[in-house]
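S.K.: In the numbering used here, the protein residues as written are 136 to 535. Cβ coordinates follow ideal geometry from the N, Cα and C atoms, glycine included.
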Amino acid sequence: MKLAKRLDVVKPSPTLAITAKAREMKSKGIDVVGFGAGEPDFDTPSMIKDAAKKAIDAGFTKYTPTNGIPELREAISARIREEHKLGYKASEVLVSCGGKHALYNLFQALLNDGDEVVIFTPYWVSYADMVRVAGGVPVLVETTMDTGFDSAPEQIRKAIGPKTRAVIVNSPSNPTGAMLSRRTLETVISCVKGTDILVVSDDIYDKLVYRGKFENVLDLDPSLQGQVALVNGASKTFSMTGWRIGWTAGPQALISAMQKLQDNSTSNPTSIAQKAALAALTQPGVDDEVEKMRKTFDERRKHIVARLNAIDGVRCFDPGGAFYAFPYVGELLKRTAPGASAPLGTDDKLIDLLLEKHLVAAVPGSAFGAPGYMRLSFATSMEQIDKGCDRIAEMAKSLK
């Protein structure tokens, strides 16, 4: 069958592929430690589930407005107003089937062929492919662990040019957990202010911060509101990854264009999930549950970073947010696995060895535009973290 050439620029998601492989191995009774999945291991808080059950019992199972039920959009607007002192009308909010869907809609609505989008590396695996499938060109700003995964102002200024249409800001970051410095955010603001460039602020990890406080570009300069799209969702904060609820708040012209696309693709997000998300944003006690999860993630963060830094050949950055460790494993790539005739050479080979021989699922840094690293999700129990780190240490010792 002849397929669309536009898909030639899209690769299968490495994170989903590795997670699926680990699940398949587990289904066969193999004791795999899964560090691959980027989702909280906690159950969705009970008051959110109760709201979904009530919606089902009340027969709230029909189509809703494409852009989401009004009360959910009002709740999102109220949350943004409370946390960022910004006013958004409900019509300037679009509810989609997850944050990923929101971003896909955004790039499809925004980009023409050849438009450039500035992306900081390491980056979430889907950013570059979403830009490419919309006809855009990713322009990468490289960061490393040695700079705290932050960028110099001159890097940002050099990346922005006459074809730039958007800059993606994801802080805390997937995959590094790094938080961009205020200097970097201010540089982005100074470069785009007064232009036709949109800042895409992916704030999906805004409630999972362990040092300092969360800030986005609008916290620093509210006057930029007409040039910013705030993308967020229920998945990470409320442990609702499977419910598929995300949203965008932004300029009316952009939101209307995104809604037109959504009208002709998915239509509305699931009605029941919308009621659950409404409860997540408004029910008393939910924020307390979120804080419990954040504190648990923080304990795991400290533990996994210490464990990884104790392994010969591994250096691990201490993340300020999210739930990922992103250690540098470049030294291990210079070493040779038992029975092999040449050094590993690439992080892909290291990840294959780790899964096939040592039963640990992780994601190679090259999937995020950062060869020589690997991503480990610590959204799992302390027992699993210890077991996985023990196995990584065993692998490192086996290399010569």
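#1: Of the choices C326, L245, R300, M280, whose alpha-carbon is the least far from that of I291?
#2: Per the DSSP calculation, E511 is bridged to which residue(s)?
#3: Looking only at DSSP bridge pairs, what is F373 linked to?
#4: Measure the C-alpha to C-alpha separation of F461 and A210 and round it to an integer number of angstroms.
#5: Give every residue of the same chain whose Cβ lies closer than 8 Å to the Cβ of R317, excluding the five residues on either side of it in the sequence, and list them in chain order.
#6: Do the stretch 514 to 522 and the stretch 474 to 487 touch if we need at least three Cβ pairs shorter than 8 Å?
#7: Taking 8 Å as the threshold, find out whether the stretch 394 to 407 comes into contact with the stretch 167 to 181 through three or more Cβ pairs.
#8: Excluding sequence positions up to five away, which residues of its chain have a Cβ less than 6 Å from the Cβ of G169?
#9: Just the Cα atoms here: how many angstroms apart are N305 and L416?
#10: From the DSSP secondary-structure annotation, give me the bridge partner or partners of R429.
#11: How close, in whole Å, do the beta carbons of I183 and A411 come, if the pair is a contact with beta carbons under 8 Å?
#12: What does the alpha-carbon distance come out to for the pair L489 and A193?
#13: For the alpha helix (DSSP H) holding D337, just list the boundary residues, first then last.
#14: Decide yes or no for the touch test of the stretch 215 to 223 against the stretch 235 to 242: beta carbon pairs closer than 8 Å, at least 3 of them.
#15: Report yes if the C-beta distance between P257 and T311 is below 9 Å; otherwise report no.
#16: Which residues bound the alpha helix (DSSP H) around S533?
#17: Using 9 Å as the threshold, is the C-beta distance between A531 and V440 below it?
#18: With a threshold of 8 Å on Cβ separation, who are the neighbours of D398 within its own chain once the five nearest residues in sequence on each side are excluded?
#19: Please confirm whether A244 and L396 have their CB atoms less than 9 Å apart.
#20: Quick one: what does DSSP say W259 is sitting in, helix, strand or coil?
#21: Count the other C-beta atoms from every protein chain shown that fall within 10 angstroms of the C-beta of E159, then say buried if there are 16 or more, exposed otherwise.
#22: Apply the 10 Å Cβ neighbour rule to Y198 and answer buried if 16 or more other Cβ atoms are within range, or exposed otherwise.
#23: Taking S286 as part of the beta strand (DSSP E), name the residues at either end of that continuous run.
#24: Using a Cβ-Cβ cut-off of 6 Å (strictly less than) and excluding sequence neighbours within five positions of A186, which residues of its own chain qualify?
#25: Going by the beta-carbon positions, is the gap between V228 and L246 smaller than 9 Å?
#26: So, for Q394: in the same chain, excluding its five sequence neighbours on each side, which residues have a beta-carbon less than 7 Å away from its beta-carbon?
#27: Assign T282 to buried or exposed, taking buried as 16 or more other Cβ atoms, counted over all protein chains shown, within 10 Å of its Cβ.
#28: Based on Cα-Cα distance, which residue from G173, S406, D341, H438 lies nearest to K522?
#29: Starting from the C-beta of K342, find all residues in its chain whose C-beta is less than 8 Å away, skip the five residues before and the five after it, and write them out in chain order.
#30: DSSP state of P499, grouped into three classes?
#31: G381 bridges to which residues according to DSSP?
#32: Which residue comes first and which comes last in the alpha helix (DSSP H) that contains E321?
#33: Thinking R442 and C524 are a contact (beta carbons under 8 Å), I'd like their distance in whole angstroms, please.
#34: Alpha carbons only, please: which of Y262, V366, E491 is nearest the one belonging to K146?
#35: Am I right that R300 and D264 are in contact with their C-beta atoms under 8 Å? What's the rounded C-beta distance?
#36: Is it the case that the Cβ atoms of V366 and S391 are separated by a distance below 9 Å?
M.R.: Considering the structure as presented:
#1: In the sequence shown, the residue the question calls residue 291 occupies position 156. Nearest C-alpha to I291: C326.
#2: To locate residue 511, count along the sequence shown from 1; it is residue 376. Note on identity: in this sequence residue 511 is Leu, with Glu being the wrong assignment. Per DSSP, A460.
#3: The residue given as residue 373 occupies position 238 in the sequence shown. Paired residues: none, contrary to the question.
#4: The residue you call residue 461 lines up with position 326 of the sequence shown. The residue you call residue 210 lines up with position 75 of the sequence shown. Going by the C-alpha atoms only, they are around 34 Å apart.
#5: Here residue 317 refers to the residue found at position 182 when the sequence shown is read from its first residue. Here the set comprises E350, L355.
#6: no
#7: no
#8: As a first step, residue 169 must be located in the sequence shown, where it is residue number 34. Counting only Cβ-Cβ distances below 6 Å, and skipping sequence neighbours, we find A157, A496.
#9: On the sequence shown, position 170 is the one that residue 305 refers to. On the sequence shown, position 281 is the one that residue 416 refers to. So the alpha carbons of these two residues sit roughly 22 Å apart.
#10: Here residue 429 refers to the residue found at position 294 of the sequence shown. Partner(s): none; R429 has no beta bridge.
#11: Residue mapping note: residue 183 aligns to position 48 of the sequence shown, counting from 1. Residue mapping note: residue 411 aligns to position 276 of the sequence shown, counting from 1. Contact flag correct, Cβ pair sits at about 5 Å.
#12: Residue mapping note: residue 489 aligns to position 354 of the sequence shown, counting from 1. Residue mapping note: residue 193 aligns to position 58 of the sequence shown, counting from 1. So the two alpha carbons sit approximately 49 Å from each other.
#13: Within the sequence shown, residue 337 is the residue found at index 202, counting from 1. Note, D337: premise wrong, no alpha helix (DSSP H); beta strand (DSSP E) at 333 to 337.
#14: no
#15: Looking up residue 257 in the sequence shown gives position 122. Looking up residue 311 in the sequence shown gives position 176. Against a cut-off of 9 Å, the Cβ pair of T311 and P257 comes out as a contact.
#16: Here the question's residue 533 lines up with position 398 in the sequence shown. That run of the alpha helix (DSSP H) goes 517 to 533.
#17: As a position in the sequence shown, residue 531 is number 396, starting the count at 1. As a position in the sequence shown, residue 440 is number 305, starting the count at 1. Cβ distance not < 9 Å, so A531 and V440 don't count as in contact.
#18: In the sequence shown, counting from the first residue as 1, residue 398 sits at position 263. Correct list, in chain order: T201.
#19: Taking the first residue of the sequence shown as position 1, residue 244 is located at position 109. Taking the first residue of the sequence shown as position 1, residue 396 is located at position 261. Their beta carbons are under 9 Å apart, which means A244 touches L396 by this criterion.
#20: Position 124 of the sequence shown, counted from the start, is the residue given in the question as residue 259. Reduced to three states, the DSSP call for W259 is coil.
#21: Position 24 of the sequence shown, counted from the start, is the residue given in the question as residue 159. Classification of E159: exposed, given that the 10 Å Cβ count is below 16.
#22: As a working note, residue 198 is residue 63 in the sequence shown. Looking at its Cβ environment, which holds fewer than 16 other Cβ atoms inside 10 Å, Y198 is exposed.
#23: In the sequence shown, the residue the question calls residue 286 occupies position 151. Neither: S286 is in no beta strand (DSSP E) and is coded neither H nor E.
#24: The count along the sequence shown starts at 1 and reaches residue 186 at position 51. Counting only Cβ-Cβ distances below 6 Å, and skipping sequence neighbours, we find K410, A411, A414.
#25: For the purposes of this step, residue 228 is identified with residue 93 of the sequence shown, where counting begins at 1. For the purposes of this step, residue 246 is identified with residue 111 of the sequence shown, where counting begins at 1. No, the pair does not count as a contact, with Cβ atoms beyond the cut-off.
#26: Counting from 1 along the sequence shown, the entry for residue 394 is found at position 259. If we look at Q394 and ignore the five residues flanking it on each side, its Cβ neighbours are T201, N202, L229.
#27: Position 147 of the sequence shown, counting from 1, holds the residue named residue 282. Exposed, because fewer than 16 other Cβ atoms sit within 10 Å of the Cβ of T282.
#28: Position 387 of the sequence shown holds residue 522. Comparing Cα-Cα distances from K522 to each of G173, S406, D341, H438, the minimum goes to H438.
#29: The count along the sequence shown starts at 1 and reaches residue 342 at position 207. Result list for K342: F349, K371, T372, V425, R429, in chain order.
#30: As a working mapping, residue 499 is identified with position 364 in the sequence shown. If DSSP states are grouped into helix, strand and coil, P499 belongs with the strands.
#31: Along the sequence shown, read from residue 1 onward, the residue named residue 381 stands at position 246. DSSP, once it has assigned bridges, lists S231, G368 as partnering G381.
#32: Taking the sequence shown and counting its residues from 1, one reaches residue 321 at position 186. Here the alpha helix (DSSP H) through E321 covers 317 to 327.
#33: In the sequence shown, the residue the question calls residue 442 occupies position 307. In the sequence shown, the residue the question calls residue 524 occupies position 389. That belief holds up - the Cβ atoms of R442 and C524 are roughly 4 Å apart, short of 8 Å.
#34: Mapped onto the sequence shown, residue 146 falls at position 11. Nearest C-alpha to K146: Y262.
#35: Along the sequence shown, one-based indexing puts residue 300 at 165. Along the sequence shown, one-based indexing puts residue 264 at 129. 17 Å between Cβ atoms; not a contact.
#36: Position 231 of the sequence shown, counting from 1, holds the residue named residue 366. Position 256 of the sequence shown, counting from 1, holds the residue named residue 391. Going by C-beta atoms, V366 is not nearer than 9 Å to S391.
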